[in-house]
Amino acid sequence: MEKYFELLSIYGRKLVLAIILYVLGKYIIKFLLKMLKKTLKKAKFDESLKSFLDSFLSLAFNFILIIIVVSTLGVETSSLVALLGAAGLAVGLALQGSLSNFASGVLILLFRPFNVGDFIEAEGFSGTVKDIQIFSTHIDTIDNKRIIIPNSILSNGIIINYTKNKERQLDLIFSIAYEANIDKAKYIIKQVLEQNNYILKDKNILIGILKHSASSIDIRTRAWVKTEKYWDVYYYLMEKIKIEFDRNGIEIPYQKIDINLKK
10 MEKYFELLSI
20 YGRKLVLAII
30 LYVLGKYIIK
40 FLLKMLKKTL
50 KKAKFDESLK
60 SFLDSFLSLA
70 FNFILIIIVV
80 STLGVETSSL
90 VALLGAAGLA
100 VGLALQGSLS
110 NFASGVLILL
120 FRPFNVGDFI
130 EAEGFSGTVK
140 DIQIFSTHID
150 TIDNKRIIIP
160 NSILSNGIII
170 NYTKNKERQL
180 DLIFSIAYEA
190 NIDKAKYIIK
200 QVLEQNNYIL
210 KDKNILIGIL
220 KHSASSIDIR
230 TRAWVKTEKY
240 WDVYYYLMEK
250 IKIEFDRNGI
260 EIPYQKIDIN
270 LKK
């Protein structure tokens with residue numbers, strides 16, 4: 010009985026020490042990661058690498074902490090490493106998807122199909138890239154929903170990066186009635202475009218008839234803008250050209266159905 014209490018006392022102290030080390034270790038890890046974030050921010054470190062490095066170091070530090078805590082309980086480090094190696098192999102086989110996500114995360118950082126802050130579309134979702142972590146990429150949609158996509162899907166899938174290039178082309182279609190003056194409509198569109206300061210004047214502006222639809226003539230308009238101004242200019246033109254058409258008597262057609270009644 011006395012020997013039992015002695016063993017309980019020894020292992021009890023080790024357990025208490027292990028708990029203290031774990032709590033202290035978690036605090037130190039949190040402090041180190043916080044300091045790292047501040048340092049990287051001051052150094053203007055790449056945002057994409059920053060989030061990936063943060064999640065990777067968090068995982069690595071916690072792994073080291075577990076080894077220290079377990080060794081404090083009396084488990085030999087060599088045996089622990091061998092055990093973790095075997096367990097890691099088993100877990101690795103079971104979690105091939107996670108390892109694939111990690112490798113894909115590295116590839117994303119190497120080849121840079123997108124960076125943190127880019128507006129992308131992938132897997133039917135579109136939004137701004139907020140984080141590139143070791144297993145997944147986080148995207149915030151326009152209506153502020155957080156979408157988490159595994160890195161392997163992004164690495165192997167089709168991605169549309171709307172902000173990769175500094176300039177984008179507006180491709181707009183304006184429909185006018187068959188009775189409307191085509192030259193006048195084209196002139197109005199051209200005037201509105203040329204008066205807008207965000208339309209790039211060193212790029213060609215294209216205004217031409219796209220097709221003769223069932224109830225309208227469709228005029229295609231193409232012009233270039235800075236990527237960050239794309240939607241501002243888009244909404245402005247859609248409204249402004251409608252206003253100018255109305256002021257100048259250019260009719261915008263609507264679908265008509267003729268019904269003939271026979272007696």
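So that you can map any letter, position 173 of the sequence shown is 182 in our numbering, and since no number is skipped, the others follow by simple counting.
Ideal Cβ placement from N, Cα and C applies to all residues, glycine included.
Being a predicted model, the structure only gives us computed values, none of them experimental.
Use the C-beta contact count for residue i: other C-beta atoms within 10 angstroms, 16 or more gives buried, fewer gives exposed.
| i | result |
| --- | --- |
| Val-138 | buried |
| Leu-202 | buried |
| Tyr-239 | buried |
| Phe-123 | buried |
| Ser-222 | exposed |
| Thr-252 | According to the sequence provided, residue 252 is Ile. The question's Thr does not apply to it. Counting Cβ neighbours within 10 Å, Ile-252 comes out exposed, since fewer than 16 surround it. |
| Lys-59 | buried |
| Phe-40 | exposed |
| Leu-163 | buried |
| Asp-211 | exposed |
| Thr-230 | buried |
| Gly-133 | exposed |
| Asp-255 | exposed |
| Leu-102 | At Leu-102, the pLDDT of 46 sits below 50, so the modelled position is not reliable; the number obtained from the coordinates is stated separately. It counts as exposed. |
| Asn-257 | exposed |
| Tyr-263 | exposed |
| Ile-29 | exposed |
Considering only their Cβ atoms, is the gap separating residue j from residue i smaller than 8 Å?
| i | j | result |
| --- | --- | --- |
| Ser-225 | Ile-185 | yes |
| Val-234 | Arg-177 | yes |
| Ile-117 | Asn-160 | yes |
| Ile-250 | Phe-183 | yes |
| Asn-165 | Ile-129 | no |
| Ile-198 | Ile-228 | yes |
| Val-78 | Ala-112 | no |
| Gln-216 | Lys-195 | It is worth fixing the name first, because residue 216 is Ile in this sequence and not Gln. Yes. |
| Tyr-36 | Leu-74 | no |
| Ile-156 | Gly-136 | yes |
| Leu-42 | Leu-66 | yes |
| Thr-172 | Ile-158 | no |
| Lys-46 | Asp-63 | yes |
Closest to residue i by CA distance: which of the options is it?
| i | options | result |
| --- | --- | --- |
| Phe-144 | Lys-43, Leu-33, Asp-180 and Phe-61 | Phe-61 |
| Thr-236 | Ile-261, Asp-127 and Val-25 | Asp-127 |
| Gly-34 | Lys-47, Ile-76 and Asp-63 | Ile-76 |
| Leu-24 | Lys-47, Leu-181 and Ser-80 | Ser-80 |
| Asp-180 | Leu-49, Thr-172 and Leu-246 | Leu-246 |
| Val-242 | Lys-47, Lys-51 and Asn-205 | Asn-205 |
| Phe-213 | Asn-110, Leu-119 and Ala-232 | With the sequence shown as reference, residue 213 is identified as Asn, and Phe is not the correct amino acid for it. Comparing Cα positions, the closest option is Ala-232. |
Would you verify that the beta carbon of residue i is, or is not, closer than 8 Å to some beta carbon of chain B?
| i | result |
| --- | --- |
| Leu-82 | Absent here is chain B; the protein component of the structure consists of one chain. |
Checklist line | Cβ contact check for the segment 68–78 and the segment 106–120: 3 or more pairs under 8 Å | finding: Flag = no, the segment 68–78 and the segment 106–120 do not touch.
Note to self: Would you call the segment 146–162 in contact with the segment 187–194, where contact means no fewer than 3 C-beta pairs closer than 8 Å?
What the structure shows: The segment 146–162, when compared against the segment 187–194, does not touch it at the 8 Å Cβ threshold.
Item checked: Completely contained beta strand (DSSP E) runs for the segment 143–179, where each covers 3 or more residues -> List check, beta strand (DSSP E) in window: 145–149, 155–159 and 168–170.
Next item on the list: Note down, one range per segment and in chain order, each beta strand (DSSP E) of at least 3 residues found wholly within the segment 177–253.
Entry: You should have 215–221 and 226–235.
Checklist line | Within the segment 111–143, ranges of the beta strand (DSSP E) (whole runs, at least 3 residues) | finding: DSSP runs (the beta strand (DSSP E)) wholly in the segment 111–143: 128–131 and 134–141.
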